[in-house]
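The structure appears right after this line, and notes come after that.
There are 4 protein chains.
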Amino acid sequence: MPHKVKDIKLAKQGKINIELAQREMPVMAIIAKDFKKKQPLKNITVACCLHVTKETAVLARALAAGGAKVAICGSNPLSTQDDVAAALAQEGVNVFAWKGISNKDYYRTLNKILDFKPQIIIDDGADVISLIHSHRAELLKTLWAGQEETTTGVIRLKAMAKDGALKFPVVAINDTPTKHMFDNYYGTGQSTMDGLLRATNILLSGKVVVVAGYGYCGKGIALRAKGLGARVVVTEVDPLPALQASMDGFEVMPMARAAGIGDVFLTATGDKDVIVGRHVKLMKDGAILGNSGHFNVEINSSDLHRLSKNHRKVRGQVEEFTLKNGRHIYLIAQGRLMNLAAAEGHPSAVMDMSFADQALICEWLVKNHQRLQKRVYNVPDEIDKKVSRLKLAGMGVKIDVLTPAQKNYLASWEEGT
Amino acid sequence: MPHKVKDIKLAKQGKINIELAQREMPVMAIIAKDFKKKQPLKNITVACCLHVTKETAVLARALAAGGAKVAICGSNPLSTQDDVAAALAQEGVNVFAWKGISNKDYYRTLNKILDFKPQIIIDDGADVISLIHSHRAELLKTLWAGQEETTTGVIRLKAMAKDGALKFPVVAINDTPTKHMFDNYYGTGQSTMDGLLRATNILLSGKVVVVAGYGYCGKGIALRAKGLGARVVVTEVDPLPALQASMDGFEVMPMARAAGIGDVFLTATGDKDVIVGRHVKLMKDGAILGNSGHFNVEINSSDLHRLSKNHRKVRGQVEEFTLKNGRHIYLIAQGRLMNLAAAEGHPSAVMDMSFADQALICEWLVKNHQRLQKRVYNVPDEIDKKVSRLKLAGMGVKIDVLTPAQKNYLASWEEGT
Amino acid sequence: MPHKVKDIKLAKQGKINIELAQREMPVMAIIAKDFKKKQPLKNITVACCLHVTKETAVLARALAAGGAKVAICGSNPLSTQDDVAAALAQEGVNVFAWKGISNKDYYRTLNKILDFKPQIIIDDGADVISLIHSHRAELLKTLWAGQEETTTGVIRLKAMAKDGALKFPVVAINDTPTKHMFDNYYGTGQSTMDGLLRATNILLSGKVVVVAGYGYCGKGIALRAKGLGARVVVTEVDPLPALQASMDGFEVMPMARAAGIGDVFLTATGDKDVIVGRHVKLMKDGAILGNSGHFNVEINSSDLHRLSKNHRKVRGQVEEFTLKNGRHIYLIAQGRLMNLAAAEGHPSAVMDMSFADQALICEWLVKNHQRLQKRVYNVPDEIDKKVSRLKLAGMGVKIDVLTPAQKNYLASWEEGT
Amino acid sequence: MPHKVKDIKLAKQGKINIELAQREMPVMAIIAKDFKKKQPLKNITVACCLHVTKETAVLARALAAGGAKVAICGSNPLSTQDDVAAALAQEGVNVFAWKGISNKDYYRTLNKILDFKPQIIIDDGADVISLIHSHRAELLKTLWAGQEETTTGVIRLKAMAKDGALKFPVVAINDTPTKHMFDNYYGTGQSTMDGLLRATNILLSGKVVVVAGYGYCGKGIALRAKGLGARVVVTEVDPLPALQASMDGFEVMPMARAAGIGDVFLTATGDKDVIVGRHVKLMKDGAILGNSGHFNVEINSSDLHRLSKNHRKVRGQVEEFTLKNGRHIYLIAQGRLMNLAAAEGHPSAVMDMSFADQALICEWLVKNHQRLQKRVYNVPDEIDKKVSRLKLAGMGVKIDVLTPAQKNYLASWEEGT
């Protein structure tokens with residue numbers, strides 16, 4: 484069985500969607516073209532456990548163009564785009580993914596892609612890597628290395644490496660600037676605003692938007708909220724980013740004070756209980772709450788339920804809570820990642836870079852796997868630079884090149900004039 | 484027959500939607516409360532021909548709260564929100580509107596609301612006012628005045644007044660600052676970006692957005708595109724706004740040059756053929772075209788068809804044209820008003836002010852109709868100021884008050900020190 | 484006596500300064516070139532009462548290039564740049580101006596330029612125009628018209644016209660968009676920040692800047708303060724601009740509340756007593772006060788003195804007031820126009836447009852003076868457009884031109900489709 | 484001899500200037516107050532080789548308040564503020580510095596401060612540290628550690644440490660975020676614009692400003708130029724910052740193309756020959772060149788001279804070059820650091836943080852010097868955080884504190900859920 488998808492007849496629309504993504508992914512286009520010519524992945528099998536979306540399909544196509552045999556399954560029961568999966572299947576990719584997959588079937592598909600005896604694993608949450616360690620040790624003979632996309636996954640793998648438990652090398656895609664600096668700042672910044680507008684259709688001009696957290700995500704959200712005419716208030720727990728927020732012209736204050744001022748509250752902290760009952764009690768009638776952090780713990784929704792006498796859905800992604808004090812609070816997407824739940828997640832142009840890192844790491848692994856140890860590796864600088872360079876080229880942007888004399892000046896200066 | 488709507492059972496969701504709009508319309512809330520107490524419209528009949536949306540329902544409720552009998556029909560065959568119409572009907576408003584109404588039925592509903600023998604007409608495109616002049620002259624005895632919302636309507640009525648053909652006074656709502664300065668600049672600015680994101684989900688950071696026209700709408704669009712990280716290029720035909728655009732830090736150039744640079748093209752000029760075949764031929768593969776002007780003439784879509792070898796729908800509101808030169812051009816919402824077609828039009832917070840002008844003009848007409856002549860009147864300054872003042876109050880914003888000494892200083896200065 | 488200046492030997496530096504101004508005044512360059520060829524002012528005498536600065540010299544040169552005999556005196560005892568005056572004198576301009584001129588000498592110079600029997604007067608504050616009315620009626624025979632640059636002057640002249648007292652036509656340069664929209668918004672915006680930095684050298688990032696007044700000047704100041712990283716608070720007395728400020732993302736509040744929050748206070752209202760003792764008492768230690776309004780009445784400095792136990796000059800343009808409550812307040816340039824007093828006033832690029840209006844009006848008066856009545860005229864639209872067009876050309880910016888079909892569409896639309 | 488300054492009678496104005504700096508340096512105020520109470524530097528001698536400015540005086544006062552004996556000399560022949568030096572001398576600080584000091588006297592003053600047998604050295608360029616290594620080895624017995632402020636110095640010291648040549652521990656102040664992130668981004672950003680305006684008084688609205696280099700300095704400059712209304716073009720040699728510049732909405736292109744477009748060129752790259760003859764030849768008449776990098780090598784001024792037929796000073800900090808092609812190019816401050824040469828360098832508010840790092844490191848050295856090795860140390864994280872926290876406090880900004888449950892959540896998440 485070379486694939487299992489919902490309905491192969493959906494392939495036509497899936498193909499259209501992949502093409503659309505491709506137009507926004509010039510780096511992947513360049514890589515695919517180069518791969519096609521150079522065949523760097525010839526005779527290699529790559530097993531991917533990723534959200535099966537139109538952007539992922541662009542990655543799969545590039546790997547295939549490079550000569551790889553690709554097997555792919557979904558990394559989340561709800562994120563598979565069935566038409567895209569169908570299109571991939573029709574193109575000969577070994578895809579095992581459908582939306583609404585059961586937990587049992589999910590593990591079956593993980594095993595299914597491993598049956599292809601991959602040299603390289605591309606993982607998103609470390610589930611496949613775990614599975615190999617626990618149940619599929621026979622694959623270690625043929626496996627060269629893995630790649631991990633998420634912060635959570637990387638942390639788990641580093642802990643394993645530290646304890647000497649990691650049985651093959653893994654590259655931490657997440658930690659490279661071309662991934663987190665662009666995904667989080669530009670990607671989350673825009674898509675959070677997009678989610679807010681789609682969910683509520685409110686006018687941002689003249690509104691007070693409270694952004695909780697001033698990390699890369701929060702910085703992006705604050706910048707875009709300001710760019711849409713809002714007055715932005717920032718809350719933080721760490722003095723350094725709090726100071727940056729102040730210097731960037733934003734008001735900084737504790738949530739307990741911001742609560743009474745804000746019209747919209749957007750959380751992006753990575754921590755739980757950023758907005759709890761005692762904050763909600765202070766809020767103005769009509770306050771809107773949304774979260775762009777990974778987990779739905781930042782806004783304490785059980786506090787919201789506890790404080791409310793009434794609760795109903797008023798728009799597709801908006802619930803209204805009528806508090807016992809008579810005020811109305813609106814919660815977007817039940818406090819889940821609003822840029823995915825109420826909008827469409829990261830635009831293709833951002834995924835272009837993360838996936839370029841992954842494709843190029845495959846090529847790099849072909850050349851370097853033999854000298855790697857059983858630990859977690861960073862993406863080499865030159866690959867990060869290459870992705871930047873290709874992205875610029877894809878955008879039609881040209882930059883300067885150092886002359887030998889300039890290089891020399893920098894080098895001698897670094898040695899201390 | 485006191486009403487005609489699609490399905491009275493939709494009233495429940497309609498009621499929710501009206502309530503949501505109401506929370507974003509504090510000026511209307513204050514006016515409705517005041518009207519309820521003072522009953523300024525007691526025994527008055529107001530006939531409205533307007534888009535029957537949740538915001539319009541808030542206006543209808545305010546007029547009714549002021550004692551008016553309200554009859555309402557739709558001003559466009561496609562813009563009626565059937566659930567809102569049902570909710571209004573259930574509350575006793577005489578509403579005659581449903582989505583997809585036939586042309587014949589449309590004129591029936593116009594006549595229907597006139598059967599209530601209104602003292603005041605609220606019109607949106609001057610169709611009702613025309614109808615009275617042409618076929619319902621018997622109403623002139625009881626009719627005091629009309630109000631007109633659109634630029635087009637106002638121009639037509641002024642021409643009539645000039646020729647001595649206008650048979651009753653009309654107030655030009657469109658021309659007052661609290662209408663066009665906020666609707667066009669803040670409203671269209673945001674909703675155009677919203678439409679662009681919903682239609683295409685592209686990343687704006689790093690994109691070149693060409694804005695055609697630097698009037699109130701174009702200024703708003705350029706500001707928001709910049710606020711979302713785009714590099715903005717402006718095209719103009721009038722040197723004064725072109726100079727403003729330059730001074731505002733934007734690149735200004737003719738469309739023939741912008742055509743080869745832009746990733747996204749947004750028109751808001753009020754003129755036709757802003758983007759035509761000779762521009763399209765110069766565009767990059769993947770260029771996106773959208774229009775926020777009132778009519779779908781700004782982007783010449785027949786040129787697009789003529790230049791294309793292929794044409795298909797690729798997303799809900801996006802068509803792809805494959806040009807004979809092999810490039811792909813994307814057209815949003817067939818070149819129709821993209822902030823309505825691909826997003827939800829003006830947020831309630833903006834309509835709050837336009838409709839406040841209309842409600843307060845009703846009250847003003849009760850007191851002043853007898854001294855008015857058969858011509859087009861501007862909204863009196865004090866009403867514009869009142870709407871601003873109430874909006875500030877609704878937003879919880881307080882401002883300073885001149886002391887007598889300060890007033891005196893200004894007055895004496897104005898007389899020339 | 485063809486001129487009277489401080490020291491003709493200063494001409495060399497004056498020439499340099501005029502050349503520098505010229506490079507930033509492309510519109511004047513185009514006009515001067517065109518004037519030189521067409522000689523539109525041949526045999527005409529123009530008498531100017533203006534600040535004798537390098538920019539004014541560029542105007543004088545253009546008029547002379549057009550064939551005019553130019554006589555010029557200063558419009559303020561302190562604003563003459565002696566080196567520029569010397570350079571003009573050396574070039575054959577009849578200049579009567581030096582810095583620190585006595586009041587008696589000032590009126591002598593006014594009379595001096597009138598002795599040349601001008602056809603056209605260019606005035607800045609209406610002093611020359613007044614003098615003709617009161618003491619030099621014999622000139623009315625040969626005089627065609629005047630031009631007035633200031634708001635105050637225009638108001639006085641309109642009052643005279645209304646009473647039938649105006650004895651010749653005057654053009655109100657001040658009221659045209661290419662003057663006040665650019666001078667006030669872009670010019671005052673930047674030069675106020677410039678004055679603040681030169682006076683105090685404070686870091687604006689993270690500071691709260693309170694801008695009093697949201698007219699053209701205040702809007703420019705708020706925009707630039709935000710652009711330099713400040714958090715901006717706006718105070719207003721008029722609800723419409725207050726609402727705009729809110730919608731533009733600024734906090735709006737009464738001065739009595741802003742007083743306790745601000746680090747810097749900048750006034751641009753045109754009214755007196757915007758900041759008085761009761762506000763000063765609430766201010767933080769270290770608060771900085773400055774004014775960009777025309778007169779030094781906006782900040783009540785006698786209140787400052789009254790509340791202080793100590794007072795000293797701490798930097799070139801900064802006084803420190805030690806309040807009786809122990810706090811320190813800093814006043815820039817004694818509350819006088821800080822963009823002139825602490826910086827260098829409007830950049831040449833802005834004066835380019837105001838003076839272009841004046842030069843072109845001279846040409847227009849040659850052609851039209853005979854049909855003018857004894858009243859105040861606006862700058863004709865076509866001259867405003869021409870100035871914009873020339874400025875764009877000077878900046879190397881090209882714009883689109885309407886096709887006949889587009890013109891036709893606009894025209895028919897204006898008649899109501 | 485406890486001090487040597489230009490003129491002790493200048494002390495009065497020096498005192499005023501120090502007080503002014505102090506008001507903008509709240510962190511130093513808090514530290515000084517705390518030091519005064521706790522006397523952490525009792526019986527310690529600190530020898531400082533720093534620019535003797537009003538901000539440095541605030542540092543010297545804080546160290547003295549903490550119980551230290553302070554000896555100070557200048558770190559550059561031209562940067563001493565003689566009035567400040569006089570004031571410090573009058574307060575009992577052992578200061579040996581005057582503006583225009585000869586090279587021979589400079590080394591005498593270095594030796595002079597070492598004669599006080601310091602435990603701690605605060606150095607700015609590593610000259611004192613070098614001197615000890617080369618000629619004053621007898622001090623090694625009593626010396627605990629040094630601090631180094633500059634990039635160049637740190638690089639030299641690291642090289643020494645690597646070779647085993649470093650004879651005492653040194654803390655690299657330069658590398659801590661509260662130093663370089665604020666100095667470079669906010670400080671250089673504003674002061675470069677300030678220098679540009681003071682030097683030229685041009686209007687930035689509508690100008691094209693080319694920023695060479697998009698590191699921390701270049702980012703700050705680009706942001707502020709945009710904030711003042713300019714259209715910004717960025718040049719880079721490194722693809723990652725180039726991509727950031729693009730994503731931030733700026734145009735990115737090679738200097739060879741930017742050369743023909745720019746009105747103003749500002750360099751901040753750290754490399755030489757960023758603007759050379761072949762660029763200058765392409766520039767528009769009137770182009771302005773300035774540098775904010777540390778050395779005057781970024782703009783090749785000998786190329787400028789070579790290409791010119793004429794050259795003169797036209798304003799205090801502006802030279803005009805008349806090229807053989809007839810165009811005029813303006814160079815600010817001979818290509819030297821324009822924010823210092825044409826403005827006043829970093830505002831006190833920024834130095835507040837760098838100097839706070841240095842003061843707190845003195846305290847930290849008292850406690851930790853015994854366990855330190857002969858190598859280069861980073862500023863400990865907790866000191867960086869403390870400086871941020873104090874700065875926020877000084878600005879009156881409050882932030883949130885993690886609850887134990889939140890801390891726990893973060894910790895467990897970091898271990899991988």
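Protein chains in written order, with our numbering: chain F, 484 to 900; chain X, 484 to 900; chain V, 484 to 900; chain D, 484 to 900. From the three backbone atoms N, C-alpha and C, an ideal C-beta is built for every residue, glycine too.
- Minimum Cα-Cα distance from X/Asn586 among the listed residues X/Pro560, X/Asn577 and X/Gly575 corresponds to X/Pro560.
- Beta-bridge pairing by DSSP links V/Leu814 to V/Leu772 and V/Glu802.
- Within chain D, the residues placing a beta-carbon under 8 Å from that of F/Lys868 are Asp721, Pro722 and Leu723, ordered along the chain.
- At the C-beta level, F/Leu814 and F/Leu772 come within 9 Å of one another.
- Beta-bridge partners of D/His794 (DSSP): D/Phe804.
- Secondary-structure assignment with DSSP links D/Gln630 through a beta bridge to D/Ile605 and D/Val654.
- Look at the segment 724-749 of chain F: the residues with a C-beta under 7 Å from a C-beta of chain D are Ala725, Leu726, Ser729, Met730, Val735, Met736, Pro737 and Met738.
- In the structure shown, D/Leu614 adopts helical secondary structure according to DSSP, grouped into three states.
- One thing to note: V/Ala570 has its Cβ no nearer than 9 Å to the Cβ of V/Gly549.
- The C-alpha of D/Ala816 lies about 9 Å from the C-alpha of D/Gly799.
- If you draw a straight line from the Cα of D/Asp490 to the Cα of D/Lys582, it comes to about 11 Å.
- Counting other Cβ atoms within 10 Å of its Cβ, V/Gln564 reaches 16 or more and is therefore classed as buried.
- The alpha carbon of V/Gly672 has as its nearest neighbour, out of D/Thr683, D/His663, D/Gly678 and D/Leu687, the alpha carbon of D/Leu687.
- The DSSP assignment places 738-741 as complete runs of the alpha helix (DSSP H) inside the segment 723-757 of chain D, in order along the chain (cut-off: 4 residues).
- The CB of F/Lys755 comes closer than 8 Å to the CB of Ala888, Gln889 and Tyr892 in chain D, given here in chain order.
- Taking all protein chains in view, the Cβ of V/His788 is surrounded by fewer than 16 other Cβ atoms within 10 Å, so the residue is classified as exposed.
- Along the segment 849-878 of chain F, the positions whose C-beta sits under 8 Å from a C-beta of chain X are Met878, read in chain order.
- The beta carbon of X/Ala725 lies closer than 8 Å to those of Tyr697, Val717, Glu719 and Val735 in the same chain, with the five residues before and after it left out.
- Annotation: the segment 526-559 of chain F contains the following complete segments of the alpha helix (DSSP H) (minimum length 4 residues), in chain order: 537-548.
- Within the same chain, Cβ atoms closer than 7 Å to the Cβ of F/Ile501 are found at Lys537, Ala540, Val541, Val567 and Ala570, the five residues on either side in sequence being excluded.
- About 6 Å separates the CB atoms of X/Lys869 and X/Leu843; that is less than 8 Å, so the two are in contact.
- Residue contact check for F/Val637 against chain X: no CB pair falls below 9 Å.
- Residue pairing for F/Lys487: DSSP places it in a beta bridge opposite F/Phe579.
- Of the candidates F/Asn577, F/Ala824 and F/Ala876, the residue whose Cα lies closest to the Cα of F/Ala547 is F/Asn577.
- Fewer than three pairs of CB atoms, one per stretch, sit closer than 8 Å, so the segment 833-853 of chain V makes no contact with the segment 698-705 of chain D.
- Note on the segment 664-728 of chain D: whole beta strand (DSSP E) runs with a minimum of 3 residues are 691-695 and 714-718, in chain order.
- Secondary structure at F/Ile513: helix, using DSSP grouped into helix, strand and coil.
- For V/Gln673, the closest Cβ of chain D is nearer than 9 Å.
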